[in-house]
Amino acid sequence: MMSKIFDRVSEATAARGMMGLRGPKPDPTVIAARMAARQRGWELGLPGYTDLSGRRPPPIIAIGGGKGGVGKSLVSANLAVKLAASGWRVLAIDMDIGGANLHTYFGLPTPTRGLADVVVYGRSSLADVMVTTNATGVSLVAGGNEEVWGGAAAMDQAAMGRLFESFIEVQEKDLADIILLDLGAGTHGLTLDCYLAAHLGILTVLPEPTSIENAYLFLKTALFRLVRNVGDQLKQEDIALIVRDLLVEPDKARKSGYGDHLRLIGAKYPEFIASLRSAVQSRTLGIAVNQVRSQKDIDVGKSMELIAERYFGFNCRSCGYLNYDEAAWKSLRNRRLLVVDFPHSVLSKRFSELSRLVLSNLGF
Amino acid sequence: MHQTEPKAAGNHVSASHQQDNALEVNYYRVLDVEPNASRMTIREAYLRLKNAYGSGSAALYSLLSKEEASAQMAQIEAAFRVLSDEVARRAYDREYGIKRGNQRQGAVNQVNIGFSQDDLVAATLAGYVDLDGANGGPTEAGDLGAEELRPEAVIRTTRSMLTIIKLKANKATATDVRELLLEILQSGDPGDGDLLRRMREACDVSEQEISERTKVSVAYIQAIEANRFDRLPQGVFVKGFLRSYCRYLDLPEADKLVQAFSARLMDWQANRKS
Chain A
3 MMSKIFDRVS EATAARGMMG LRGPKPDPTV IAARMAARQR GWELGLPGYT DLSGRRPPPI
63 IAIGGGKGGV GKSLVSANLA VKLAASGWRV LAIDMDIGGA NLHTYFGLPT PTRGLADVVV
123 YGRSSLADVM VTTNATGVSL VAGGNEEVWG GAAAMDQAAM GRLFESFIEV QEKDLADIIL
183 LDLGAGTHGL TLDCYLAAHL GILTVLPEPT SIENAYLFLK TALFRLVRNV GDQLKQEDIA
243 LIVRDLLVEP DKARKSGYGD HLRLIGAKYP EFIASLRSAV QSRTLGIAVN QVRSQKDIDV
303 GKSMELIAER YFGFNCRSCG YLNYDEAAWK SLRNRRLLVV DFPHSVLSKR FSELSRLVLS
363 NLGF
Chain B
14 MHQTEPKAAG NHVSASHQQD NALEVNYYRV LDVEPNASRM TIREAYLRLK NAYGSGSAAL
74 YSLLSKEEAS AQMAQIEAAF RVLSDEVARR AYDREYGIKR GNQRQGAVNQ VNIGFSQDDL
134 VAATLAGYVD LDGANGGPTE AGDLGAEELR PEAVIRTTRS MLTIIKLKAN KATATDVREL
194 LLEILQSGDP GDGDLLRRMR EACDVSEQEI SERTKVSVAY IQAIEANRFD RLPQGVFVKG
254 FLRSYCRYLD LPEADKLVQA FSARLMDWQA NRKS
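Order-wise, the sequence lines are chains A and B. Heads up, my numbering is the position in the first sequence plus 2, with the first residue counted as 1. Heads up, my numbering is the position in the second sequence plus 13, with the first residue counted as 1.
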């Protein structure tokens with residue numbers, strides 16, 4: 003009996019070692035192979051006008067959440083530092099258009115150049131507007147030039163196209179190993195497309211009804227956006243519209259959720275649903291509950307993961323939780339990063355765990 | 014999106030019921046477990062679902078109304094009532110022509126037994142384990158593409174990973190946990206803490222997990238399992254700890270275990286006083 007148990011333990015440890023979990027950053031060829039495995043499905047979920055023709059960006063992580071003030075930027079900044087600490091060069095991009103302030107978390111002054119120069123004006127490349135931060139291994143592209151974002155036409159298709167080209171540029175010029183997108187609040191089409199551009203999309207939620215409601219709204223709109231994008235990519239916009247209409251039928255969707263509903267629609271449009279499934283499978287959804295005060299709050303996150311899988315049909319993996327901690331606002335007032343200012347706080351340890359889960363969810 | 018795929022259950026279900034099951038209630042799908050899932054897996058799945066869909070769950074806000082949630086919960090309870098009872102489960106399997114699957118299918122279906130979730134996640138995401146493809150389900154074209162692009166080193170890792178997964182799963186399918194528990198129970202003195210530890214490990218539950226779920230501190234769990242009476246509080250408290258311990262693991266002859274251990278502890282405490 004005892005030997006049986008020991009066998010089990012040593013095998014699991016051996017497997018863990020082989021998977022490279024908790025280990026150093028894997029070989030570039032391994033990263034390339036794992037990203038290539040997802041490439042087709044990943045491309046299927048991008049907006050219809052992007053044409054990457056097989057060109058591959060580095061792994062992309064997006065931090066969203068639907069509601070404002072749930073800690074998206076806090077998570078982005080500190081996660082970037084923790085990822086960099088395990089050897090990954092991280093490029094954090096502030097995608098909170100019109101409300102960009104990620105630079106403040108890094109204690110940097112408002113930058114004069116930023117994303118707007120690349121995607122709106124098309125006059126710089128990402129390499130020109132990238133700034134280094136105090137944290138080793140983390141570079142930042144700030145929002146920059148807040149004024150131009152006011153125009154409705156600022157983020158048109160051409161601008162979005164330039165954004166996706168920038169992601170490719172990061173890989174081709176070897177600017178970073180991982181891209182981290184700090185998304186804005188709300189369910190704007192641009193935010194959704196950036197969320198869908200990620201291989202791992204993390205939703206930051208608070209264990210509160212308002213945040214939970216907005217997170218589900220975000221998942222729902224993201225799913226609908228994905229249906230549309232797959233339709234555009236396959237040049238089957240008509241089917242995408244039909245599938246969308248079928249999905250919104252309130253009775254069926256409410257009864258068992260979109261996941262089951264899509265399976266039934268699959269009987270009618272097998273090819274479209276197979277492509278949609280492939281697009282969904284190449285993206286991982288993570289839920290990170292922020293400001294956790296009790297075991298009950300942690301359980302809310304676990305339940306939301308289950309619901310995201312059962313009800314929405316997403317490929318959902320645990321991203322852990324973050325404790326409620328005074329250190330969060332104290333460090334912000336000091337204009338220093340939490341994990342640097344309070345490295346021994348509970349929250350800082352939680353960020354280490356989050357970074358480990360993020361890498362393992364990406365397959366590293 | 015694995016919810017939306019025809020589950021492995023569909024492949025095992027006889028043709029006459031296949032269509033019904035796609036639309037109506039398939040208990041295995043309700044609990045989201047494979048037809049050859051072990052008792053522990055079913056129990057764990059049920060607890061997770063109960064937490065998410067049970068009354069007062071904050072995670073359902075804005076998604077389902079109270080009535081819809083309780084309808085879902087009723088279905089989950091019904092599924093668990095049948096699947097947790099070995100006799101009822103066999104009868105249900107017979108009626109719907111569900112087969113538990115042979116060893117090979119079991120190997121891939123039961124990967125999460127004795128295997129950490131992280132390993133499984135990483136393996137699945139990296140395309141090492143194609144859970145659906147292995148069951149004869151639809152294979153994504155993307156997966157086929159991945160096969161060609163894998164460098165030699167990765168393929169080697171894949172093979173050893175799969176060997177380990179199969180090894181574990183075979184062990185788990187070969188010995189039903191319940192039988193294993195009875196075997197352990199008969200092998201020693203019911204008042205021995207080490208017996209409890211062995212049974213907990215057979216259930217594949219860590220000290221941390223049981224402590225988190227029963228709210229008994231890890232130190233007390235360790236003291237009980239190591240028979241360190243000097244580190245334990247009054248016998249009546251320990252009795253309570255043992256009850257939640259046994260209830261969480263769903264151990265056979267729990268009363269006997271609780272009585273035997275607390276009797277030993279109380280004797281020891283009485284002797285110390287005198």
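Note that CB positions come from ideal geometry on N, CA and C, so glycine has one too. Just so you know, these numbers come straight off a predicted model, no measurement behind them.
Per DSSP, the unbroken alpha helix (DSSP H) holding residue 233(A) starts and ends at 211–236. When Cβ-Cβ separations below 7 Å define contact, residue 61(B) makes contact with chain A. Interface residue (Cβ-Cβ distance to chain B less than 7 Å): residue 28(A) is not classified as such.
With respect to the 7 Å criterion, residue 267(A) and residue 245(A) are classified as neighbours on the basis of their beta carbons. Approximately 7 Å separates the beta-carbon atoms of residue 54(A) and residue 166(A); this is inside 8 Å, confirming the contact.
For residue 302(A), the residues of chain B that pass the 7 Å Cβ criterion are 71, 72, in the order they occur in the chain. Contact check for residue 190(B) against residue 53(B) passes: the beta carbons are separated by less than 7 Å. Taken atom to atom, the span from the alpha-carbon of residue 61(B) to that of residue 195(A) is near 32 Å.
In the structure shown, residue 336(A) adopts coil according to DSSP, grouped into three states.
Distances from the alpha-carbon of residue 262(B) to those of 194(B), 94(B), 73(B), 238(B) put 194(B) closest. Within chain A, the residues whose beta carbon sits less than 7 Å from that of residue 65(B) are 305, 308, 309, listed in sequence order. Annotation for residue 300(A): 291, 294, 323 place their beta carbon closer than 8 Å to its own, counting only its chain and skipping 5 residues before and after.
Around the CB of residue 146(A), 16 or more other CB atoms lie within 10 Å, so the residue is classed as buried.
Given a length threshold of 4 residues, each whole run of the alpha helix (DSSP H) inside the stretch 87–120 of chain A is given here in chain order: 104–107.
Going by C-alpha positions, residue 45(B) is about 10 Å away from residue 92(B). Cβ atoms of residue 204(A) and residue 63(A) come within 8 Å of each other, at about 7 Å. Per the Cβ contact rule, the stretch 173–191 of chain A is in contact with the stretch 119–137 of chain A (3 or more Cβ pairs under 8 Å). In the three-state reduction of the DSSP assignment, residue 74(B) falls in the coil class. Taken in chain order, the complete beta strand (DSSP E) segments of 3 or more residues contained in the stretch 245–321 of chain A are 286–294.
Cβ-Cβ separation between residue 60(A) and residue 181(A): approximately 6 Å, consistent with a contact (criterion under 8 Å). Contact annotation for residue 76(B) against chain A: 218, 309, 313 [CB-CB distance below 8 Å, chain order]. Taking one beta carbon from each stretch, the stretch 78–98 of chain A and the stretch 214–233 of chain A have fewer than 3 pairs nearer than 8 Å; the two do not touch. Contact annotation for residue 214(A) against chain B: 71, 72, 74, 75 [CB-CB distance below 8 Å, chain order]. Interface annotation, residue 211(A): in contact with chain B, CB-CB separation under 7 Å. According to the DSSP assignment, residue 206(A) belongs to the beta strand (DSSP E) that extends over 202–207. Each of 40(B), 73(B), 285(B) was checked against the Cα of residue 88(B), and the nearest Cα belongs to 40(B). Take residue 239(A), set aside five residues on each side of it, and the residues of its chain with a beta-carbon closer than 7 Å to its own are 233, in chain order. Taking the Cβ atoms as the reference, residue 305(A) lies roughly 11 Å from residue 82(B), outside the contact range of under 8 Å. Straight-line spacing of the CA atoms in residue 68(B) and residue 79(B) works out to 8 Å. Between residue 316(A) and residue 282(A), the beta carbon gap of about 6 Å places them in contact (Cβ cut-off 8 Å).
Taking a cut-off of 8 Å on C-beta distances, the stretch 249–267 of chain B touches the stretch 202–214 of chain B, as three or more cross pairs fall below it. In the DSSP assignment, residue 248(B) falls outside any beta strand (DSSP E) and lies within the alpha helix (DSSP H) extending over 248–262.
The beta-bridge partner set that DSSP reports for residue 66(A) consists of 205(A).
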